[in-house]
Amino acid sequence: VYTAAPKPLLFCDDNDVIGSEFYLMERRRGLIIRGAAPPEMENSSELQRSVCRAFIGNLADLHNLNYAAAGLGDLGRPEGYPRRQVEGWTKRYFAAKTDEHPELEAAIEWLNANIPPESGASLIHNDYKFDNVMLDPDDLTRITAVLDWEMVTVGDPLMDLGTTLGYWISADAGEEMMRMPFNPYVLMKNVSRRELVEMYAEISGRDVSNILYYYVFGTFKIAVIAQQIYARYVKGLTQDKRFANFDRFVCALGRIAGHTIQKRSV
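Just so you know, the sequence shown maps onto residues 4 to 269 in my numbering.
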């Protein structure tokens, strides 16, 4: 169906083996880029754009698959998907809330007041970013695998793109945010979100005129994930010191969402 997804080889539902259900998948070889990029990418603006085009084109290919013909029609409920997502993530935020984040909460109000109709139905990954993608080290424009399919479903493809854009931090968000290991720093520094949107529109043929909404949603969704992690740390459910300052990321993402709504541009 989608060759970038590693093939599952074995599923085991015996909890006595490792304490939970699990599956084994085929091994794929490739390079996962987090933060720092290979020298050839660092030094070539042409390669940077080619890699980004391959990355976005691969997402468009996923969205253009005939999921029903592949037997995946029962994987999700595309009708009303944007509303369920916005309302669901809103509930998750307030369930995990520890501090006041007025800018983020203003964005939540805006999102709930402006929920769009579905832009279509596609197979969507829901966490598509470079640290979930493997590249061929001999040809960085070739994707050898896409990983982490836990949130795959059938839903609105622009919600998927919005999440990808939410992870694409620009320089005005500050150095600390840009150094988060979701995507190669050099790509986010030199290729804008607007360029990614234009690439997606060209390759997919989809109408992206309302992409502002989906980008704000993606930023909000990532903020909620950070808040959930921070809440677990505050409650003592994890001792990992990396999470002690995640409230800063929640604040920063709230500012990004609010600023995006004000300037009306991704």
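For every residue, glycine included, the Cβ atom is placed at its ideal position computed from N, Cα and C.
query, result
"Cutoff 8 Å; reference G76; Cβ partners in own chain excluding five residues on either side", "Y70 and V157"
"With 16 other Cβ atoms within 10 Å as the buried cut-off, status of P105", "exposed"
"Per-residue burial, R196 [other beta carbons within 10 Å of its own, 16 or more giving buried]", "buried"
"C-alpha gap between D134 and N186, whole angstroms", "6 Å"
"Exposure of Y203, with buried meaning 16 or more beta-carbon neighbours within 10 Å", "buried"
"W113 versus V211 - alpha carbon distance", "19 Å"
"Identified DSSP bridge partners for L13", "L27"
"For A148, the three-state DSSP class (helix, strand or coil)", "strand"
"Supposed contact pair P85 and I118 - C-beta distance, whole angstroms, cut 8 Å", "5 Å"
"Residues bridged to S122 [DSSP beta-bridge criterion]", "Paired residues: none, contrary to the question."
"Neighbourhood of L150 by C-beta distance below 6 Å, restricted to the same chain and skipping five residues each side", "N135"
"Backbone secondary structure at M273 - three-state DSSP", "Residue 273 falls outside the range modelled here, since the chain spans only 4 to 269, and no answer is possible."
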